[in-house]
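S.K.: So that we are looking at the same thing, I have put the structure below in C-alpha cells.
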Amino acid sequence: METPRKVDRRPVAVVVADDHPLVRVGVRESLEAQGDFVVVGEARTAEETLEAVRDFRPELLILDLEMPGRLPRPPLQMCREIQPDLKVLVLSAHRAPEYLAPLRSFHLNGFVLKDEAPDSLIQAVRVICEGQTWISGEVRQAFADLAESERLVSRVGLTARERRCLC
Numbered sequence: 003m004e005t006p007r008k009v010d011r012r013p014v015a016v017v018v019a020d021d022h023p024l025v026r027v028g029v030r031e032s033l034e035a036q037g038d039f040v041v042v043g044e045a046r047t048a049e050e051t052l053e054a055v056r057d058f059r060p061e062l063l064i065l066d067l068e069m070p071g072r073l074p075r076p077p078l079q080m081c082r083e084i085q086p087d088l089k090v091l092v093l094s095a096h097r098a099p100e101y102l103a104p105l106r107s108f109h110l111n112g113f114v115l116k117d118e119a120p121d122s123l124i125q126a127v128r129v130i131c132e133g134q135t136w137i138s139g140e141v142r143q144a145f146a147d148l149a150e151s152e153r154l155v156s157r158v159g160l161t162a163r164e165r166r167c168l169c
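Right, here's the structure in full:
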C-alpha cells in the first residue's frame, strides 16, 4: 500500500496596501508565519497599490479603505480592471455607513476590522483563498442595517438628496 504523497502547494501571493507601516509589517509577519502565504509587495498609497497589483499579479490584495493618493476611480475598482480575478480583503478601522455604502457596488471577498484579533485576519484570508467570502460580524450587521434603513427611506418617498442625507 502506497503512502499518500504530500501535495506541495505554492504560497498564495499577497499585496498589502496600507499607509501605516506598522500595519503592513504586522500583516506581512502574521501571514508569512503561516507558511502558505508570501507578501510579494507592499503599498503606501493608492498609486503604489495599482503599481503593485500590475507588477506582482497577486492572488489576494489586502486593502485599507483610506489611503493617500489621487486616482480617477476607487483603487479597488482600478485594481479589478487590471486583474479581474483578484481577491480583495478590505482591512479597515471604518465601520460607519458613509464608508460601507460605496463598497456595495464592488464584489468584496472580505472585510476585517483593524481592531479584531490577528487570528481573524488569518481565518479571513484562508476562507477567501478557498473561494468564499468573509465579512466580520460587526460589518455584516452594519451592511444589513444600512440596507434596512435604505428600504425604509425608499418607502417614505423622499427625494434622492433627502435619502443621501439620512443614509
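Heads up: the sequence shown runs through residues 3 to 169, numbered per the working numbering. Here a beta-carbon is modelled for each residue, glycine too, at the ideal position from N, C-alpha and C.
#1: Which two residues bound the contiguous alpha helix (DSSP H) that contains Leu78?
#2: Is the number of C-beta pairs between the stretch 51-63 and the stretch 85-102 that are closer than 8 Å three or more?
#3: Using DSSP's beta-bridge definition, name the partner residues of Leu65.
#4: Kindly indicate the opening and closing residues of the beta strand (DSSP E) around Glu44.
#5: Would you check if the distance between the CB atom of Val17 and the CB atom of Val55 is smaller than 8 Å?
#6: Do three or more CB pairs link the stretch 114-126 to the stretch 73-84 at distances below 8 Å?
#7: Would you check if there are 3 or more beta carbon pairs closer than 8 Å linking the stretch 38-54 to the stretch 68-80?
#8: I'd like to know whether the C-beta of Leu24 is nearer than 8 Å to at least one C-beta of chain D.
#9: Beta-carbon separation of Arg97 and Val141 under 8 Å?
#10: So what does Gly112 bridge to, in DSSP terms?
#11: Check the C-beta distance from Gly112 over to Ala126 and give it rounded, since I have them as a contact under 8 Å.
#12: Determine the extent of the alpha helix (DSSP H) in which Leu100 is found, giving its start and end residues.
#13: From Asp117 to Arg128, what does the alpha carbon distance come to, in whole angstroms?
#14: Give me the DSSP bridge partner(s) of Val14.
#15: Within 10 Å of its beta-carbon, does Arg26 have 16 or more other beta-carbons around it, so buried, or fewer, so exposed?
M.R.: Walking through what the data contain:
#1: Its alpha helix (DSSP H) spans residues Pro77 to Ile84.
#2: Under the three-pair Cβ rule at 8 Å, the stretch 51-63 counts as touching the stretch 85-102.
#3: Looking at the DSSP assignment, Leu65 forms a beta bridge with Ala19 and Val92.
#4: Residues Phe39 to Ala45.
#5: Yes. Within cutoff.
#6: No, they do not touch.
#7: Between the stretch 38-54 and the stretch 68-80, the count of C-beta pairs closer than 8 Å reaches three or more; the two stretches touch.
#8: The question asks about chain D, but that chain is absent: this structure has only one protein chain.
#9: Yes.
#10: Gly112 is bridged by DSSP to Leu91 and Trp136.
#11: Right, their Cβ atoms sit about 5 Å apart.
#12: With the sequence shown as reference, residue 100 is identified as Glu, and Leu is not the correct amino acid for it. Pro99 to Leu102 is the extent of the alpha helix (DSSP H) around Glu100.
#13: Asp117 and Arg128 have their C-alpha atoms spaced approximately 19 Å apart.
#14: Answer by DSSP bridge pairing, in chain order: Phe39.
#15: So Arg26 counts as buried.
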